[in-house]
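To start, the structure itself, in structure tokens.
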Amino acid sequence: LLDGLADTMDYDIHNCPDTPPEGYPMAWNLLNVLEDWPPDDPQPRPHTYQGICRFDYSKPGDVQRAQRYRKAEVPFVIRDDPEVLATVERWNHGDYLEQLLTTVKHRTEYSPDNHFMYWNAPHNKKIGRHMDGH
């Protein structure tokens, strides 16, 4: 379904124009994406469709371009930001999270497959209220 759609993009996400082009970002119908790559099929596809520009913090001119995209209030990805890299380095240490959590117990969720629910309403509690207050 999605074959050939990447060829219709007017920009290269790795070398985006100085300002967001008309119709940016390119997007695809979610139902078509899911039909092309069902969530339960982990087999990589030959093409990954992405319409969001990527900027490299260390590449001359990319930070300024990213700032123009931010001012235009459109999404983008920026990589190799030194502050983010420092954060990544901290989180790469196995005991970092444990140090942050100290001895306080925290609840977590577990899912045996890729159908993870981020939140479930309690079974015995009402959520929200009706207009009449009940």
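Converting from the sequence shown to the numbering used here requires adding 3 to each position, the first position being numbered 1.
All residues carry an ideal CB built from backbone N, CA and C; glycine is no exception.
Predicted model only: the values in this text are computed from it and were never measured.
- At a cut-off of 4 residues, the continuous stretches assigned as alpha helix (DSSP H) that sit fully inside the stretch 8-92 are 33-39 and 65-74.
- In the three-state scheme derived from DSSP, where H, G and I count as helix and E and B as strand, Tyr-113 is classed as coil.
- Using a Cβ distance threshold of 8 Å, Asp-44 and Asp-59 do not count as a contacting pair.
- Exposure of Arg-48 is indicated by the presence of fewer than 16 other C-beta atoms within 10 angstroms of its C-beta.
- In the assembly as shown, Phe-119 is an exposed residue. Its beta-carbon has fewer than 16 other beta-carbons within 10 Å.
- Shown here for His-17: same chain residues with a beta carbon closer than 7 Å to its own, the five before and five after excluded, namely Arg-57 in chain order.
- Between the alpha carbons of Thr-105 and Asp-98 lies a gap of roughly 11 Å.
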